[in-house]
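Report on one structure; see the data block that follows.
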Amino acid sequence: MLAVVAALAPAAASAAGAKLTTGDYSGAEGAIHYQLYVPSSYTSTTPVPLVVALHGCTQTADGFRQLTRWDTQAEAKGFIVVFPEQDTDSNSLRCWNFFQDSSMHRGGGDAARIAAVTSLIENTYNVDPHQVYVNGLSAGGGMASVMAATYPDYFAAIGIGSGCEYAATATCAGYQSADPTQAAQAAYKEMGVRAHPMPFIDFQGDKDTTVPPINADQRVQQWLMTNDLADDGAANHSVATKASSTSSGGSGSRPYTISTYTDSAKNELGSAWVVHGMNHAWSGGNASQQYADPAGPDETAAMYEFFMRHPNASLTRPAAPAGGQPTPTPTPTPSPSPTPTPSPTPFPTPTPFPTPTPFPTPTPFPTPSPSPAPSPTPTPGNDPSPSPAPVPEPDPGQPPAAAPVSPAGLTRVPTVSKLKLSHGRIVFTLSGPGSATLRLQRGVAGRCETSAGKRRSCTRYSTKATIARTVAKAGRITIAVPKSSHGRRLPRGHYRATVTPADPAGRTGNSRSLAVVMH
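All the letters of the sequence shown, read from the start, carry residue numbers -18 to -1, 1 to 501 under mature numbering (1 follows the signal peptide of the UniProt record, and there is no 0).
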């Protein structure tokens, strides 16, 4: 099937009766600022859908509203949209802490604060509890995955734009984030008794250098496998991990490919969009904002249409949070006047998209450029045990040492630098107080994949052969590469050594990786 998305016209003046306000919630879950748009058509007698929209790193609620035009869509279609905003105390770059353990579980961290705002709006306005949805860009996309796993009883479907799978680490932006099978099981476990199949729509640019396309594959596979568990409690392939159909479009926009995934009854469950030629951006976004690719298909309209196809009648309105009712104030920024969107053509007729002037895509995870770590060749010895030798990584390469998604702020979590392999030992520098954990994973053969005519790596890393060594000190650290696991010699082959730093409180920072081979 080919999804059809109507293009949104640029907004002008404020719509009569529409309300764009800001508010602040404070309760047991913590404090959080948000921006709220209520359409002019809203009345307290008619239930309306609610969309929760999560910004990316370095963005604000207002900036994400302008980028995505979710308020324009809300005015045209008659639903409420809320934009929660991360604060710089929780993350110095306003990244949602999707990678932090405290935010990956119900009742804690960012997940609890976002859920509190969601339930606050649901209990203040006449929101249809069967039609509450969450979406986000980049770190916001990763947080949308977290919300679906931690509060599945709040959301009927999710939208992920260039983000990360559930239980990903901060390194997902520069590397493979996690084994999708493990992430799927973790998400299902977190759902608990509230588990239900979670429809998802995913957007990814195939030229994304910030969150490489392999992350899109992992996000899609993770949610398909989570849904396989959620539909009947068993991993029995009731949800196929292969697309049931693939289509393409883009006569008036960047070309794109849509892969549709279905459940056991052949109903749509997932929609994965790959926008060809797009970097890390919101497809079809407002050209005046950062992280926009206005030449792409309209991501906002596509997500809205997907959401409307997936209400969940089993959901009920959550209890109001302890923080009480909101006290919104008019935002100083005038609300853009949403121009009504033409009704989208039913499937499968394609609708052309206008092609605006391309907007250069900046990097949403501002990353200093570290000096590349040297890779000296180890000196062979007479030890008959396996000896490691550096080899080029089969995937895009190790993530930068100072990636911005820092759990406790760039000044408090130590970083790893000067990672190298020397004479059978992993050598690196830890910038400050804390600890570092070395994990060694064995490479195993995987299915080769081809995207945009380019063959991707066939290597996957098994977590079954993981070995961990932890050192608690700062400065230059040397750890011998383990040669055995549980009393057994490690087999020959390709391995990935990953060093993860943590501060004294146990909050992890960005990992760095190095490929080795056991002879």
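Glycine included, C-beta positions come from ideal geometry on N, C-alpha and C.
These numbers come from a predicted model, not from an experiment.
Asked	Found
DSSP three-state assignment for valine 481, whether helix, strand or coil	strand
Nearest neighbour of leucine 422, chosen from Ala462, Ala456, Ala150, Ser413 [CA to CA]	Ala462
CA nearest to the CA of alanine 121, picked from Phe288, Ala138, Tyr148	Tyr148
Pairwise C-alpha distance: alanine 456 and leucine 119	35 Å
Alanine 484 beta carbon less than 8 Å from that of glycine 416	yes
Residue span of the beta strand (DSSP E) that contains aspartate 110, given as start and end	109 to 119
As assigned by DSSP and simplified to three states, the class of valine 128	helix
Leucine 32 versus leucine 251: straight-line alpha-carbon distance, rounded	20 Å
Any non-hydrogen atom of the ligand FAD within 7 Å of glycine 60 CB	Within the structure as shown, the ligand FAD is missing, as the structure has no ligands at all.
Supposed contact pair phenylalanine 182 and glycine 124 - C-beta distance, whole angstroms, cut 8 Å	Between phenylalanine 182 and glycine 124 the Cβ distance is about 13 Å, and since that is not below 8 Å, they are no contact.
Start and end residues, alpha helix (DSSP H) containing glycine 141	Premise fails: glycine 141 lies in the beta strand (DSSP E), 139 to 143, not in any alpha helix (DSSP H).
Given 8 Å, three or more beta-carbon pairs between the segment 213 to 228 and the segment 243 to 262	yes
Three-state secondary structure (DSSP) of glycine 123	helix
Inter-stretch contact (C-beta, 8 Å, three-pair minimum) for the segment 39 to 50 and the segment 10 to 25	yes
6 Å Cβ shell around arginine 88 - same chain, five flanking residues per side excluded	Thr132
Residues near valine 109 in its chain [Cβ-Cβ closer than 7 Å; skip 5 each side]	Pro29, Val30, Leu32, Ile62, Ile103
With 16 other Cβ atoms within 10 Å as the buried cut-off, status of serine 26	exposed
Inside the segment 46 to 88 only - beta strand (DSSP E) runs reaching at least 3 residues	62 to 67
Buried/exposed call for arginine 236, threshold 16 Cβ in 10 Å	buried
Terminal residues of the beta strand (DSSP E) in which proline 31 lies	30 to 36
Which listed residue (His292, Leu496, Ala283) has its alpha carbon closest to that of alanine 58	Ala283
DSSP bridge partner residues for histidine 476 (one or two, in chain order)	Val499
Classification of threonine 50 by the beta-carbon crowding that lies within 10 angstroms, buried from 16 upward	buried
Environment of proline 346 [buried if 16+ CB atoms lie within 10 Å]	The predicted model places proline 346 with a pLDDT of 41, which falls under 50 and marks its position as unreliable, so this point remains unresolved.
Which of helix, strand or coil DSSP assigns to valine 175	helix
Cutoff 8 Å: serine 220 Cβ touching any chain C Cβ	Of the protein chains in the structure, only one exists, and it is not chain C.
7 Å CB neighbourhood of aspartate 214 in its chain, flanking five on each side removed	Ser220
Sub-8 Å separation of alanine 166 and methionine 207 beta-carbons	yes
Residue environment, valine 175, which counts as buried when at least 16 other CB atoms sit within 10 Å	exposed
Proximity winner among Lys1, Ala56, Asp53, Arg95, relative to serine 8 (alpha-carbon distances)	Arg95
Sequence-distant residues of the same chain with beta carbon closer than 7 Å to residue 507, five excluded per side	Outside the shown range of the chain (-18 to 501) lies residue 507, about which nothing can therefore be said.
Within 8 Å, strictly: CB atoms of proline 111 and arginine 299	yes
Integer Cβ distance of glycine 38 from tyrosine 273, believed to fall under 8 Å	6 Å
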